[in-house]
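Taking it in order: structure first as C-alpha cells, then the write-up.
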Amino acid sequence: MVTKTQLHGEQLQQFTNEIDALRQSMLTDLGTRDAQHIRRVRAFAQGSAIAGRSLLMFGFGPISWVGGVLSLATAKIVENMEVGHNVMHGQYDWMDDPSLHSQTYEWDIVCDGEHWRHSHNVEHHNHTNVIGKDHDYGYGMLRLSPEQRWSPANLLQPIWYLLLAIYFQWGVAVHDIKIGRFVKGRMSKAEFRERVRPFLRKSGRQLFKDYVLFPALAFWQWPRVLLGNLMANLLRNVWTNAIIFCGHFTANAQTYTRQEVAHETRGQWYLRQIQGSSNLEGGRWFHLLSGHLSHQIEHHVFPDIPAPRYREIAPQLRSICDRYGVHYNSGGFWSQYFSVLARIFRYSWPTRKPAEPAMAQ
Amino acid sequence: MHTRSTQTTTMQTACKVERRLTRLLKHPLWAPLNDLASWERLSTRLNPMWSLSSIRASVVRLVDEGSQMRSIWLKPSWRFTGFQAGQHVLLELDCDGVRRSRCFTLSRAPSPDGLLRLTIKRKPEGPLSQQAHRLEVGQNVSISQAQGSFVLPSQGRLLLLGGGSGITPLLAMLDALRTSPARDVVLVFSQRERAQAVFTEALDSMLKQLPKLRLIQHFSAEVGRLEARSLATLVPDWRARSTLMCGPDAMMQSFEQLYAEAGLMQHLHSERFGRRAAAADAGASSHAIAAEKSKQVFTAFSGQSLLDAAELAGMKPKFGCRSGICRSCTCRKLSGTVRDNRTGRQSGPGDELIQLCISTACSAVTLAL
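So the protein sequences, as listed, match chains E and W.
First residue of the first sequence: 69, per the numbering used here; consecutive thereafter.
First residue of the second sequence: 32, per the numbering used here; consecutive thereafter.
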C-alpha cells in the first residue's frame, strides 16, 4: 500500500496556490462549448429514453426487447451520471438556465434530489473518506478499511455487496434517511417520519412510472415493458455501482480519521480529496457513461467545474501531484475494480488495527 | 334571482373542476409524459419557433442607426399578444453559454405587418447588448410579452422628453400618433453630438406627417447638458402638458426635481430601465444588503460572508458545507458586486447566481432571499 503524503508550511501553500490557479484558469474559460455539451448530452439521454421505451412498448421479438433495454439503460445511466449528478453539483449554475439549476434539478432515479444534495454534496464531498463522517465509506454495511470496527455480519459482506450492487438506486435512496441512527435510538420518531416522506414520494413516483404507467400504456405488451424497465434499472444499478466503488475503495485509496482532519486547511482538503480518490482510464464513451467519475480525483478537487473539463485538466493536476510527491491513483477499470473486490473480501475478516503512525516522535 | 345564483354556482364548480384537472395533469406522477420542458426541446428541434413556454421571434431585418445603435426587426410567433407604443419586452439571449435577459423598448408602434422593432445600443460592459449586435437575419430569439405602463395618455397636449437611447419609446409613441395627427406634441430630444445624431430621417418624416409636432433638438456637446431649468424657455406651456420622459439618470433626476417642486408630479410619467447597481467600493468597511423576498435590510462587513451576515440578521438561508463545496447556499444576486473569499475574484454588477458562504459584499447588494 502506498503511504499518505502530507505537505507542510511553504510547500503546502505553494501546492494550494497551484491548484487554485488551475481552478481559476478553468473557470474563466467556461462558455458556449460547455453549454453545448450538457444540452447535447441531455438531448442524447432523452432521445435514448424515447427510443428505448418505444422499442419496449411497440416492438416485438427478443431483439427489439434487448435493444429497448440497452437503450433505456443507457438513457438512465447518462441522465443520472453525466447530467443529473453533475448538474446537481452546480457545474452548470453559471449558465443561469432554470432547467439546469443545481438546487431544483430532479433526476430519473428513486433517490430524492434534495436527499442526494445533502448526503452527497454536503456530507460526502466535504468529509470524503473520513471514517465515521463520510457515510458513503462502506455505505454503513461494508468494512473496507482496518480503521472500521469488525462485526460478525462483515463475514457475509461479499453477499451484502452483491445485493447493494443490484439494488444500488435503493441504497442511495435510503442513504440520507439515516435509518441506522433511528434504529440506535439517536433520532426521534417525528424526525424519522420527516426524513422518510421525501423518499416515499420520490420512489413511489418512480415505481409508478416504470412499473405501472409505461406498462399500462403498452396494453397487452405490458409484461415486456415491465420486465424491460426492471432490466434497464438493474443494468444502471450495477454499472453505476461499479464506477462509484472504483472512486474511493481501490487498493491505494487512503482513509482519514476525525483527528487528522480536525483543523484542516483548504490545501490539506485538496490533499485528502486527491489521495482518497482513484481514477479509471478509458476512451471517450467510457468517460461519458461514467459521468466523468472515471476522473474521480479531478471531480473531488473541483466538484463544481463542468465534468468534461476533467479530462483536460487531468494531465496538469497529475504533474502537480508528481512534483509534490503525492500519489495519483489511476488505472484500468478491471484492475481497479478487482482491487475493490479484493478489499471487500479482505476486510470481511477481522484484521488488527494498524499501528499508529509514529507521529508523536 | 334564483336562476342567476344557480348559474354562478355552476360557473364556480366548473372553475373548480378545471383547476383540479390542470393540477392532476401537471402532477409529477405523469412525468415524463407531462414534462413541458422535454416536449419543448423536441418541438423546438423540429422548428425553433414551436415553443410551448416562451415566445420565439425570428430576426427579419437589421438596420444600423448610427452611434452604436442598431434596430433589430423581429417577427414574433403567434403567442405574442400585442403591445402598446411605449412598452418594452424582455429579450433573452445566450451570451457565451450564459442565458441573459434584459428589457428593451419596442421602438415602433404596433402595425398590421406584426413586426416588432427593438433598437439596442451597444455597450462595452453589457454582454447582452453585444450579443444582440451579433444577431443575424434568420436567427431566433426568445422574448416576453409586452410589459410596462409607460404609454400615451388618451388625450391632452403632450411633452416628450428624450435623452440619448431613451428616445426609443418616444419614437414608438410618435409613430402611434400618426393616426391622430391633430394632437399637439412637443419633443425635446437631447443627444451628445450633432455629427453622431440618430434617427434624423425618422424624425424628419414624423415632422412631415404630424403637422402639430414641434421638435426641439439639443446637442449637449455644443451647448452643455440639458437642464430642467431651461424647460420654461424651451416649452413655455410645459405645466399644461402631460409629460413622458425617458433618458439618462442624471437628466431624469433633474426633471423629476423640477416637477416635484412645481407640484406637478402627476403630469410626469417616466421610464427607467434595469436596476441601478451600486458602484463597487472596496475600501468601505460595511455594505447594506437588501433581501428582496423577505423585505429585510441588513449590514455585511467587508470580508464577512453574506451567509454569516444574513444569519446574524436573524435570517435562515439554506446552507450546507459553508466552504463553497456543496452549493446548498446558492442564491440569486439581483444587483451589486461581490468577491469570492477564496480566490479574491470580483463578480459583475448584475443579475447572477452566487454562493452566499464564500461571497463577501463589495458594494450595496440586493439578493433574492
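Yeah, the Cβ is synthetic: ideal placement off N, Cα and C, and Gly gets one too.
Check, Outcome
"Short CB-CB distance (under 8 Å) between Gly-339 of chain W and chain E", "Checking the sequence shown, residue 339 of chain W turns out to be Asp, not Gly. Judged by the 8 Å Cβ criterion, Asp-339 of chain W is not in contact with chain E."
"Element boundaries [beta strand (DSSP E), containing His-153 of chain E]", "Where His-153 of chain E is concerned, there is no enclosing beta strand (DSSP E), given that its DSSP letter is neither H nor E."
"Ser-271 of chain E versus Cys-362 of chain W - alpha carbon distance", "28 Å"
"DSSP state of Pro-158 of chain W mapped onto helix, strand, coil", "helix"
"Where the alpha helix (DSSP H) containing Ser-69 of chain W begins and where it ends", "67-77"
"Residue-level contact to chain W via CB, Asn-305 of chain E, 8 Å cutoff", "no"
"heavy atom of the ligand MG below 7 Å from Thr-391 of chain W C-beta", "Ligands are entirely absent from the displayed structure, and the ligand MG is therefore not among its contents."
"Bridge partners - Arg-131 of chain W, DSSP secondary structure assignment", "W:Leu-124"
"CB of Phe-112 of chain E within 8 Å of CB of Gly-335 of chain E, strictly", "no"
"For Tyr-431 of chain E, the three-state DSSP class (helix, strand or coil)", "The question about residue 431 of chain E has no answer here: the residues shown for chain E are numbered 69 through 429."
"Per-residue contacts from Arg-130 of chain W into chain E (C-beta, under 7 Å)", "Met-163, Asp-164, Asp-165"
"CB contact below 8 Å: Pro-291 of chain E versus chain W", "no"
"Touch test, the stretch 100-116 of chain E against the stretch 148-158 of chain E, Cβ-Cβ under 8 Å, three pairs minimum", "yes"
"Identity of the residue in W:Val-120, W:Pro-242, W:Leu-257 nearest Glu-224 of chain W by Cα", "W:Leu-257"
"Beta-ladder partner(s) of Val-219 of chain W, from DSSP", "W:Leu-192, W:Ile-247"
"Within 8 Å, strictly: CB atoms of Pro-266 of chain E and His-169 of chain E", "no"
"Cα-Cα separation, Arg-353 of chain W to Lys-324 of chain W", "22 Å"
"Buried/exposed call for Arg-110 of chain E, threshold 16 Cβ in 10 Å", "buried"
"Reference Gly-381 of chain W; option with closest CA among W:Ile-389, W:Ser-394, W:Val-172, W:Asn-372", "W:Ser-394"
"C-alpha gap between Val-155 of chain W and Ala-259 of chain W, whole angstroms", "First, the amino acid is wrong: residue 155 of chain W is Pro here, not Val. Cα-Cα distance, rounded: 29 Å."
"C-beta atoms of Ile-174 of chain W and Val-219 of chain W nearer than 8 Å", "no"
"Ile-103 of chain W to Ser-211 of chain W span [Cα, whole Å]", "27 Å"
"Test: Met-427 of chain E CB closer than 8 Å to a CB of chain W", "Model confidence at Met-427 of chain E stands at a pLDDT of 45, short of 50, so the residue's coordinates are unreliable and nothing is read from them."
"Three-state secondary structure (DSSP) of Leu-400 of chain W", "coil"
"Interface flag, Asp-127 of chain W vs chain E, CB-CB below 8 Å", "yes"
"Sheet register partners of Ala-321 of chain W (DSSP bridge)", "W:Val-328, W:Thr-397"
"DSSP beta-bridge partners of Gly-400 of chain E", "E:Glu-349"
"Identified DSSP bridge partners for Glu-182 of chain E", "Beta-bridge pairing links Glu-182 of chain E to no other residue."
"Within chain W, the residues that Ser-170 of chain E reaches when beta carbons sit closer than 8 Å", "Arg-358, Thr-361"
"Delimiting residues of the alpha helix (DSSP H) encompassing Val-369 of chain E", "364-369"
"Where Ile-385 of chain W sits in the DSSP three-state scheme", "strand"
"Boundaries (first-last residue) of the alpha helix (DSSP H) holding Thr-274 of chain W", "Thr-274 of chain W -> not in any alpha helix (DSSP H); beta strand (DSSP E) instead, spanning 273-277."
"Per-residue burial, Trp-417 of chain E [other beta carbons within 10 Å of its own, 16 or more giving buried]", "exposed"
"N- and C-terminal bounds of the alpha helix (DSSP H) containing Asn-297 of chain E", "290-316"
"Interface partners of His-103 of chain E on chain W, CB under 9 Å", "Strictly speaking, residue 103 of chain E in this sequence is Ala, with His absent from that position. Within 9 Å Cβ-Cβ: Asp-125, Asp-127, Gly-128, Val-129, Arg-130."
"Coarse secondary structure for Gly-77 of chain E, derived from DSSP in three states", "helix"
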